[in-house]
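Encoded as structure tokens, the structure appears first; notes follow it.
Protein chains: 2
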Amino acid sequence: MSKLLKIEDVTARECCAPLNGPVLGEEEAAELAQVFKALADPVRLRLLNLIAASEGGEACVCDLTGLFELSAPTISHHLKVLRQAGLITGDRRGTWVYYRVVPPALTRLSGLFALPASIAG
Amino acid sequence: MSKLLKIEDVTARECCAPLNGPVLGEEEAAELAQVFKALADPVRLRLLNLIAASEGGEACVCDLTGLFELSAPTISHHLKVLRQAGLITGDRRGTWVYYRVVPPALTRLSGLFALPASIAG
DNA sequence: CCCTTGTTTCGAAGTTTGTCTAAGTAACTC
DNA sequence: GAGTTACTTAGACAAACTTCGAAACAAGGG
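Quick mapping for you: the protein sequence lines, in order, are chains X and H.
For the first sequence, numbering that gives the first Met the number 0 gives the first residue as 0, with consecutive numbering after it.
For the second sequence, numbering that gives the first Met the number 0 gives the first residue as 0, with consecutive numbering after it.
Below is the structure:
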């Protein structure tokens, strides 16, 4: 068991309840807030975007680091935040670590903001 | 293009570019991060949920305040943050202030997290 | 083994955020 | 006008977050 890449899965419960649906409980709201806190940073948004848009659906940290004027530890920290929010996963293959998005986590968020066509129009 | 759309094609417009689409610029990422910062709080998530799920699509502040063990100024502060993020709007009608969600803002977020079926499956 | 690349942890600035109390504005009623 | 209710703004403060540098840790190649 590698302590390196463990994540805390916060997306396991109700996958797609919309925002205009049932009332959020306190603990559910706190859990969701943690996910948005992970997204509430320009660097992390760009990291997630770069990973999601990567060829083959995965990106090596070695490629990501050079795109920011931040130290390697800082990039690593941001990736860890995204990982703990359940938005991405990483696995080490040889010297490098590759990250990819967790589709159910993103789909859950997409469903959260979905509105009925009668309102969205 | 000019066809009747019951469901909005959220991937077509620039406002709703998906996360796995074009690379986010720094400004765009910063602006999006501001929206997520507004969502990154349990109280604000519950407020947004309550407003979105309200009968008639709007909720009076007087009804919201009683649902939290927080002072009125604190609730007002959170509503202001949501308002400044463009997620809700409020208007005063007589003594009371009513808030409702801004559908395009939510639809944009829904589209942001939308994934192609090939990945999302 | 040592060396290189890449990641994580730790501790210390500086900044931001959530909450409060107190004071201010807006509208209704007498 | 004065008083009451509803909501917002202003100022202050503790808690949390961001970022960095230095150092430790992991994996592979010579």
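The beta-carbon is built from N, C-alpha and C at its ideal position, and this holds for glycine as well.
- Contact check for Leu-66 (chain H) and Leu-23 (chain X): beta-carbon distance about 11 Å, past the 8 Å limit, so the pair fails to qualify.
- Judged by their CB atoms, Ala-32 (chain X) and Asn-19 (chain H) are not nearer to each other than the 8 Å cut-off.
- Under the Cβ criterion of 8 Å, Glu-54 (chain H) is not counted among the residues facing chain X.
- Between Ala-113 (chain X) and Val-80 (chain X), the C-beta spacing is not below 8 Å.
- A straight line joining the alpha-carbon of Phe-35 (chain H) with that of Phe-35 (chain X) spans about 6 Å.
- The C-alpha of Tyr-97 (chain H) is placed about 6 Å away from the C-alpha of Glu-57 (chain H).
- Of all residues in the segment 70–101 of chain X, the ones placed with a Cβ closer than 8 Å to any Cβ belonging to chain H are Val-100, in chain order.
- Non-local C-beta neighbours of Pro-21 (chain X) in its own chain, meaning closer than 7 Å and more than five positions away in sequence, are absent.
- Only residues of its own chain outside the window of five on either side were considered, and among them Thr-64 have a CB closer than 6 Å to the CB of Ala-71 (chain H), listed in chain order.
- A Cβ of chain X is located within less than 8 Å of the beta carbon of Leu-44 (chain H).
- Spanning the alpha carbons of Asp-90 (chain H) and Asp-40 (chain X) requires a straight line of approximately 30 Å.
- Not a single C-beta of chain H is nearer than 8 Å to the C-beta of Glu-57 (chain X).
- Against chain X, a Cβ distance below 8 Å from Glu-25 (chain H) picks out Pro-41, Arg-45.
- With a cutoff of 8 Å on beta-carbon distance, Leu-108 (chain H) and Leu-47 (chain H) are scored as not near each other.
- Between Val-100 (chain H) and Leu-78 (chain H), the C-beta spacing is not below 8 Å.
- Under the 8 Å criterion on CB atoms, Leu-18 (chain X) is classed as interfacial with respect to chain H.
- Looking at the DSSP output, Ile-50 (chain H) shares a beta bridge with no other residue.
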